[in-house]
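Residue numbers (our numbering): 1 to 144.
Note that the Cβ used here is the ideal one computed from N, Cα and C, for glycine as well.
These numbers were taken from a predicted model, which means no experiment stands behind them.
One structure below.
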Amino acid sequence: MHTLRHHLFLTILTLCVIHARAQQKPDVISLNEAMVKGTSVFGKPIDNQTRCVHWHSELDIIAIKFKCCNKYYPCFSCHEETTDHKPEVWPTKEFTEKAILCGVCGNELAINEYMNCDNTCPKCSSLFNPGCKNHYHLYFETRK
1 MHTLRHHLFL TILTLCVIHA RAQQKPDVIS LNEAMVKGTS VFGKPIDNQT
51 RCVHWHSELD IIAIKFKCCN KYYPCFSCHE ETTDHKPEVW PTKEFTEKAI
101 LCGVCGNELA INEYMNCDNT CPKCSSLFNP GCKNHYHLYF ETRK
């Protein structure tokens, strides 16, 4: 009787694990890092298109490479909550640096290219969140 119960328990446990794995989204990363077309995105991403726990609309599909650590994060809050250093903004003289990642196609845009792309990826034509421009001052040197 004991062996039968043990076997039944293991069978049910196995089925639960199989069911749980089937319910998981394959591109969701939970260890503060996601891969986006071969590029690591750190912080608190919730999918492989750079959406995060803070910003996750259909249009929230870019990550920003932070000047201070040369790593991509979906947003300022992700960087703030998962690093031990202060962020640095990109100076205008470095706006030709590739520091924006399209979460759909993996295209890296220069900062000036991103700021002038009309909220559309020049490679795949995916739409970016137009509200992101309200946060440029957190990432890029802006005129006062």
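Proximity winner among the options, relative to residue i (alpha-carbon distances)
| i | options | result |
| --- | --- | --- |
| Phe140 | Met35, Ile61, Cys121 and Cys75 | Cys75 |
| Val89 | Gly106, Ile111 and Thr82 | Ile111 |
| Phe95 | Ala34, Arg5 and Tyr136 | Tyr136 |
| Cys52 | Asn32, Lys71 and His85 | Asn32 |
| His56 | Thr82, Thr142 and Gly131 | Gly131 |
| Leu59 | Pro91, Asn129, Cys68 and Met115 | Asn129 |
| Gln49 | Ile100, Glu81 and Met115 | Ile100 |
| Lys65 | Asp84, Glu81, Asp47 and Thr39 | Thr39 |
CB contact flag (residue i, residue j, <8 Å)
| i | j | result |
| --- | --- | --- |
| Leu109 | Lys98 | yes |
| Ile61 | Ser125 | no |
| Lys37 | Cys121 | no |
| Thr147 | Cys69 | Nothing about residue 147 can be read from this structure; the chain reaches only from 1 to 144. |
Where residue i falls, given that 16 or more other Cβ within 10 Å makes a residue buried
| i | result |
| --- | --- |
| Lys133 | exposed |
| Asp118 | exposed |
| Lys86 | exposed |
| Pro91 | exposed |
Cβ-Cβ separation, residue j to residue i (assumed contact under 8 Å), whole Å
| i | j | result |
| --- | --- | --- |
| Gly43 | Cys78 | 3 Å |
Identified DSSP bridge partners for residue i
| i | result |
| --- | --- |
| Lys71 | Phe66 |
| Val53 | Paired residue(s): none; Val53 is not in a bridge. |
| Met35 | Ser40 |
| Glu113 | Paired residue(s): none; Glu113 is not in a bridge. |
| Leu164 | Because the chain here runs from 1 to 144, residue 164 falls outside it and cannot be looked at. |
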